[in-house]
Amino acid sequence: MILSIRDLEVKYKLSRYVVAHLKEQINVEELRRYLIFSEKGSFDLSITNEKLRRKISQQIMQEIERFRKTGYMRVYALNGVNLDVEKGKVLAVVGESGCGKSTLALAILRILPENAEVTGEIILDGENLLALDEEIMRLRRARKLGYIGQGSYTYLNPLMDNAFQVLESSLVATDDFDKAVKFFIDAIKAAKLDSRILFSFPRKLSGGEIRRVAFALALAKNPQLLVCDEPFRNLDVYLAKQLAYFLRELVDQLKTTMVIFTHNLALMAEIADEIAVMYHGIIIEKGPTEKIFLEPVHPYTKGLIGALPDPRNPKKKLIYVPGEPLPRIISYDFCPFFNRCPVAEESCLESKPSQKKVNGRLVACIKAEELKCVPPEEFWGPHIGW
Ligand SMILES: Nc1ncnc2c1ncn2[C@@H]1O[C@H](COP(=O)(O)OP(=O)(O)OP(=O)(O)O)[C@@H](O)[C@H]1O
Ligand SMILES: [Mg+2]
8 MILSIRDLEV KYKLSRYVVA HLKEQINVEE LRRYLIFSEK GSFDLSITNE
58 KLRRKISQQI MQEIERFRKT GYMRVYALNG VNLDVEKGKV LAVVGESGCG
108 KSTLALAILR ILPENAEVTG EIILDGENLL ALDEEIMRLR RARKLGYIGQ
158 GSYTYLNPLM DNAFQVLESS LVATDDFDKA VKFFIDAIKA AKLDSRILFS
208 FPRKLSGGEI RRVAFALALA KNPQLLVCDE PFRNLDVYLA KQLAYFLREL
258 VDQLKTTMVI FTHNLALMAE IADEIAVMYH GIIIEKGPTE KIFLEPVHPY
308 TKGLIGALPD PRNPKKKLIY VPGEPLPRII SYDFCPFFNR CPVAEESCLE
358 SKPSQKKVNG RLVACIKAEE LKCVPPEEFW GPHIGW
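The numbering used here puts the first residue of the sequence shown at 8, with every later residue one more than the last.
This is the structure in structure tokens:
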């Protein structure tokens, strides 16, 4: 196991300042809504279960009270993530917007913003990254961890040519100059960077070329683990596919390990060895790609897979998962999918679901055994009024 994440929790502290200035943050919008509701004295939570509604309203009221007194509240972004990644494999972490993908990516590199509180363990190659000194962590980032983010432009230096930046990355990765040159050459070969790309400045390149330089930059240090956060965002379908295959090739060629955080399930079906589905800051299902696509077990995974169009069957009825995620400003000791799950029972409210092995994968649902053979259309179809 190259990466092992245990009970990772991340809370963001949200202060009055953030509420006033970060209007685009989803949770700030959410928070405003609750502040308005609290003045009215009631919440429009669209939760049908009376017990859950009471429980959540009460907690939100407490949070708002605290916010009024102390000037800050918490956003629970990761609520106990448990995840293992095997050496040499590509793991795709998928899930809807706001489920905590970027938070997890940044937590692995320990580059979360200052308002984040982190607890748990992130063990890379036998070493707990969260327990390291900042100086040692910088070394790990320079030598062991590669990162490819969504905005590649923002981390290429506009004043230096691309060759210099890739070379610099390989030079900090090792003390041995010859080795650094080898890393550099391997990276530019693997990323297929020709002399035109290498000796020009980032602004002169197209979107796809920029991504390739970004890949080379991450690979030039011969990392043990490559973390990619939405590497295909804002790319057209064709380019996204080309780059996805290209990344996969790189991983095989350089014998590294990769975790990709993305929305693009269809693309991941082709290149990932394993899929982990994230919902509300926890991993609800994780297993080999084929198993997840052919026999999804968790109700949410069934919804995700059923929502994918099938080009061979254009008349396929697409599933959608009705409802919206529960508020993120309170912590949960029960299943966070409760309000959207058609088969949820009172017992799902009693404890947080833990991961169990079912059908060759890990599932965090107490009803997993019962649901394992029900296909997505059969499961979601009757509940969404077909
Ligand atoms: N700096 C921050 N301060 C406060 N809350 C934050 C901060 N960054 C993220 N959040 C909140 O944490 C939660 C998880 O966010 P995150 O960006 O990790 O989601 P994501 O799965 O990457 O979403 P997307 O798919 O849209 O990129 C969200 O509710 C988000 O609003
Ligand atoms: Mg993100």
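Backbone N, C-alpha and C fix where the C-beta goes; we use that ideal spot for every residue, glycine too.
Note that this is a predicted model, so its numbers are computed, not measured.
Are the beta-carbon atoms belonging to Glu281 and Lys262 less than 8 Å from one another? Cβ distance not < 8 Å, so Glu281 and Lys262 don't count as in contact.
ask   = Buried or exposed: which applies to Lys18, given that a residue is buried once 16 or more other Cβ atoms fall within 10 Å of its Cβ?
value = So Lys18 ends up on the buried side.
key: Best match in Pro303, Ala273, Phe222, Lys228 for proximity to Leu183 [C-alpha to C-alpha]   = Here residue 183 turns out to be Asp, not Leu, going by the sequence shown. The option with the nearest alpha carbon to Asp183 is Lys228.
Q. How close, in whole Å, do the beta carbons of Pro5 and Ile267 come, if the pair is a contact with beta carbons under 8 Å?
A. For the chain, the structure presents residues 8 to 393; residue 5 sits outside this window and is missing.
- Query: Does the beta-carbon distance from Ala273 to Val97 come in below 8 Å?
  - Reply: The answer is no: Cβ separation not under 8 Å.
Under 8 Å between C-beta atoms of Pro334 and Ile63
Yes, Cβ-Cβ distance for Pro334 and Ile63 is below 8 Å.
How is the alpha helix (DSSP H) around Ile375 delimited, first residue to last?
Looking at the sequence provided, one finds Ala at residue 375 rather than Ile. Here the alpha helix (DSSP H) through Ala375 covers 375-378.
### Query
Start and end of the alpha helix (DSSP H) containing Thr264?
Per DSSP, Thr264 belongs to no alpha helix (DSSP H); it is in the beta strand (DSSP E), 264-269.
Exercise for review: Starting from the C-beta of Cys355, find all residues in its chain whose C-beta is less than 7 Å away, skip the five residues before and the five after it, and write them out in chain order.
Suggested key: The beta carbon of Cys355 sits closer than 7 Å to the beta carbons of Phe341, Cys342, Phe345, Ile373 from its chain, once the five residues preceding and following it are set aside; these are given in chain order.
With 16 other CB atoms within 10 Å as the buried threshold, where does Arg347 fall? So Arg347 ends up on the buried side.
field: Reduced DSSP secondary structure (H/G/I, E/B, other) of Ser64
entry: When secondary structure is reduced to three states using DSSP, Ser64 falls in the helix class.
> What number of angstroms, rounded off, separates the C-alpha of Ala375 from the C-alpha of Val365?
Replying inline: One C-alpha to the other measures close to 7 Å.
> Would you say Glu237 touches ligand 2, meaning its beta carbon is less than 7 Å from a heavy atom?
Replying inline: Indeed, a heavy atom of ligand 2 lies less than 7 Å from the Cβ.
>> What does DSSP give as the partner residue(s) for Lys228 in the beta ladder?
In response: Residue pairing by DSSP places Lys228 in no beta bridge whatsoever.
Quiz prompt | Residues that Leu85 bridges to, as DSSP identifies them | solution = Looking at the DSSP output, Leu85 sits in a beta bridge with Val17.
Quiz item: Across which residues does DSSP place Pro295 in a beta bridge pair?
Solution: Partner(s): Glu281.
Exercise for the section: Could you tell me how far apart the beta carbons of Lys197 and Ala187 are, in whole angstroms, since I believe they sit closer than 8 Å? Expected result: Note on residue identity: the sequence assigns Ala, not Lys, to residue 197. About 16 Å separates the CB atoms of Ala197 and Ala187; that is not less than 8 Å, and the two are not in contact.
Just to confirm, does Leu90 get its C-beta within under 7 Å of one of the non-hydrogen atoms of ligand 3?
-> Among the ligands present in this structure, namely ligand 1 and ligand 2, ligand 3 is not found.
Checklist entry - Cβ of Lys108 versus every heavy atom of ligand 1: is any distance shorter than 7 Å? => result Yes - ligand 1 has a heavy atom lying nearer than 7 Å to the Cβ of Lys108.
* Continuous alpha helix (DSSP H) stretch holding Leu205: start and end -> That run of the alpha helix (DSSP H) goes 202-205.
task: Starting from Lys364, follow the beta strand (DSSP E) in both directions and report where the run begins and ends.
output: Run containing Lys364: 363-365, per the beta strand (DSSP E) assignment.
Glu141 versus Leu111: straight-line alpha-carbon distance, rounded: It is roughly 18 Å from the alpha-carbon of Glu141 to the alpha-carbon of Leu111.
Checklist entry - What are the partner residues of Ala99, as DSSP defines its beta bridges? => result For Ala99, the beta-bridge partners assigned by DSSP are Ile267, Ile282.
Margin query: One question on the structure: do Glu93 and Ile12 come within less than 8 Å of each other, judged by their Cβ atoms?
Written below: No, Cβ-Cβ distance for Glu93 and Ile12 is not below 8 Å.
For Gly392, count neighbouring Cβ atoms within 10 angstroms of its own Cβ and tell me buried if that reaches 16, exposed if not.
In this prediction, Gly392 has a pLDDT of 48, which is less than 50 and means its spatial position is unreliable; nothing more can be read from the coordinates.
Buried or exposed: which applies to Leu146, given that a residue is buried once 16 or more other Cβ atoms fall within 10 Å of its Cβ? Taking every protein chain shown into account, the CB of Leu146 has fewer than 16 other CB atoms within 10 angstroms, so this residue is exposed.
Ends of the alpha helix (DSSP H) at Thr308?
-> It spans 306-313 - the alpha helix (DSSP H) in which Thr308 sits, taken as one unbroken run.
Taking its Cβ as the centre, do 16 or more other Cβ atoms sit within 10 Å of Phe74, making it buried, or is it exposed?
Phe74 should be labelled buried.
Cβ-Cβ separation, Pro209 to Leu163 (assumed contact under 8 Å), whole Å: Correct: roughly 4 Å between the Cβ atoms.
Query raised in the report: Do Leu212 and Val220 have their C-beta atoms closer together than 8 Å?
Result: Yes; because the gap between Cβ atoms is below 8 Å, this pair is in contact.
- Beta-bridge partners of Arg148, as assigned by DSSP: In the DSSP output, where bridge partners are listed per residue, Arg148 has none listed.
Tell me whether the beta-carbon of Pro306 lies closer than 8 Å to the beta-carbon of Val350. In this structure, Val350 lies closer than 8 Å to Pro306 by Cβ.
Should Val244 go down as buried or exposed, given a rule of 16 or more other Cβ atoms within 10 Å for buried?
Around the C-beta of Val244, fewer than 16 other C-beta atoms lie within 10 Å, and the residue is accordingly described as exposed.
Quiz prompt | Which of helix, strand or coil DSSP assigns to Cys235 | solution = Cys235 carries a strand assignment under DSSP once its states are collapsed to helix, strand and coil.
>> Once DSSP output is grouped into helix, strand and coil, what is the label at Leu174?
In response: Looking at Leu174 - three-state DSSP - the assignment turns out to be helix.
Q | Integer Cβ distance of Met275 from Val101, believed to fall under 8 Å | A | Right, their Cβ atoms sit about 6 Å apart.
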